[in-house]
Amino acid sequence: MKNFLKYLLLLFILLALLNIIWFIVIFVFNISLSTWSFPSISGMFFLATTISLFVFFRGLQKSPREETMHSFISVSLKFVLELVLALIWFALMKKTGWNDILLFFMLYLAFSITGIFIILKSLKNKILKA
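Numbering (my numbering), first residue to last: 367 to 496.
Okay, here's the thing in structure tokens:
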């Protein structure tokens, strides 16, 4: 779980950095975008990625067979959570403007790439230790 906490800190730094950049862009350039839409959706992506990584790192401590299953469940759970997030964002909250769609997919890409790199690096480190 030590690695999980290290990577959770990395995710939190990513979340904080993205939100700081968002507020700088909003207030410096006086752009007429919703101020709180970005922090809310980025927090939801942070939560989905954190849950997924928790399941993944929990599986790294198990036997190889269970590790494979936990890895599969982790990636599948992240996909399902982000589908639910997309449903909430687009259908329930009625965020269908081009800027909201672009915002959603930029955050999806940022957190997905970060999650994939964390998983790949953890698997690579585990192989090198064995």
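All C-beta atoms, glycine included, are put in the ideal place defined by N, C-alpha and C.
With residue i as the anchor, note down where its alpha helix (DSSP H) starts and where it stops.
{"i": "glycine 463", "result": "Segment: none, glycine 463 is in no alpha helix (DSSP H) and carries neither H nor E."}
{"i": "phenylalanine 420", "result": "403-426"}
Return the Cβ separation of residue i and residue j in integer angstroms, given the expectation that the two are a contact with Cβ distance under 8 Å.
{"i": "phenylalanine 370", "j": "leucine 419", "result": "6 Å"}
{"i": "leucine 473", "j": "isoleucine 407", "result": "6 Å"}
{"i": "histidine 436", "j": "valine 446", "result": "Incorrect: roughly 15 Å between the Cβ atoms, too far for contact."}
{"i": "lysine 309", "j": "leucine 426", "result": "A question about residue 309 goes unanswered here, because the residues of the chain that appear run from 367 up to 496."}
{"i": "leucine 469", "j": "serine 403", "result": "7 Å"}
In three-state terms, what does DSSP make of residue i?
{"i": "methionine 367", "result": "coil"}
{"i": "serine 478", "result": "helix"}
{"i": "isoleucine 485", "result": "helix"}
{"i": "asparagine 491", "result": "helix"}
{"i": "phenylalanine 440", "result": "A small correction: the amino acid at residue 440 is serine; phenylalanine does not occupy that position in the sequence shown. DSSP places serine 440 in helix when its eight states are reduced to three."}
{"i": "isoleucine 397", "result": "coil"}
Are there three or more Cβ pairs, one per stretch, closer than 8 Å when the segment 389-397 is compared with the segment 406-415?
no
Measuring CB atoms only, is the segment 375-387 touching the segment 476-488, in the sense that at least three cross pairs come out at less than 8 Å?
yes
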